[in-house]
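If you're matching positions, the sequence shown starts at 563 in my numbering and goes up one per residue.
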Amino acid sequence: LHGPDRRLGAARWRGRAWICCRIDFRDRKREVMGAGYTEIFFLDEATALAAGHRPCFECRRADAHAFAAAWARARDLARPPKAPEMNRILHAERRAAFETCRLRDLPDGSIFATGGQFRLKLDHEIRAWDFDGYRPLEAETDPDGAVAAVTPPAVRAALSAGYRPRLHPSARLRS
């Protein structure tokens, strides 16, 4: 996605394996925007999942297996899917428009947009999303209101089937 000058080019869909990795893993040091792939840093896993990424099977092995198992439960599969199977579906969903749905139909851990703002649904409550973290909302949100589901359908299904993303600490703060 980036050139030797570390500037992003026009391409956005070269690879299908969009993964969410740990920042630290086995003392590896990697130059940001070095050769091979473009690192993107997210606030937390809920945000990365909303962007269509999935947990990495190398550095986040347990989380990746839990995600694949939840994916399988959600789709009533006989076995958890392999990474390329999930990548293919997530790639198609990343390229699609956001679905409009009722807020009450979103599982916990989903990111959605309403009124031009991003929100996280957590413990049946709503948190305002920002690049610096989450904050509780003072105003009531209509559970039957229409929202744009940012988190892709396959990820929402895995969340509904029990996958729990790692969240920024501010997501758990109460007002």
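Here a beta-carbon is modelled for each residue, glycine too, at the ideal position from N, C-alpha and C.
Source: prediction; values computed, not measured.
Is it true that the region 635-648 meets the region 707-724, where meeting means three or more beta-carbon pairs spaced less than 8 Å apart? Touching, yes.
Relative to the C-alpha of ARG641, which candidate in LEU665, ALA628, ALA579, ILE651 has its C-alpha closest? ALA628
Do PRO646 and ALA630 have their C-beta atoms within less than 7 Å of each other? No, they are not a contact pair.
Between the CA atoms of PRO714 and MET648 - distance to the nearest angstrom: When rounded, the separation of the alpha-carbon atoms in MET648 and PRO714 is 12 Å.
Segment limits, beta strand (DSSP E) that includes ALA690: Residues 687-692.
How long is the line joining the alpha carbons of ARG578 and ILE602, rounded to whole angstroms? 15 Å
If we count the other Cβ atoms within 10 Å of its Cβ and call it buried at 16 or more, is ARG666 buried or exposed? Label assigned to ARG666: exposed.
What did DSSP end up calling LEU652 once you bin it into helix, strand or coil? helix
Any contact between the region 614-621 and the region 667-687? By contact I mean 3 or more CB pairs, one from each, below 8 Å. no
To test your reading of the DSSP string, which unbroken beta strand (DSSP E) runs of 3 or more residues are found completely within the region 617-654? none
Taking Cβ to Cβ, would you say ASP606 is nearer than 7 Å to LEU729? It is a contact, given that the beta carbons lie within the stated cut-off.
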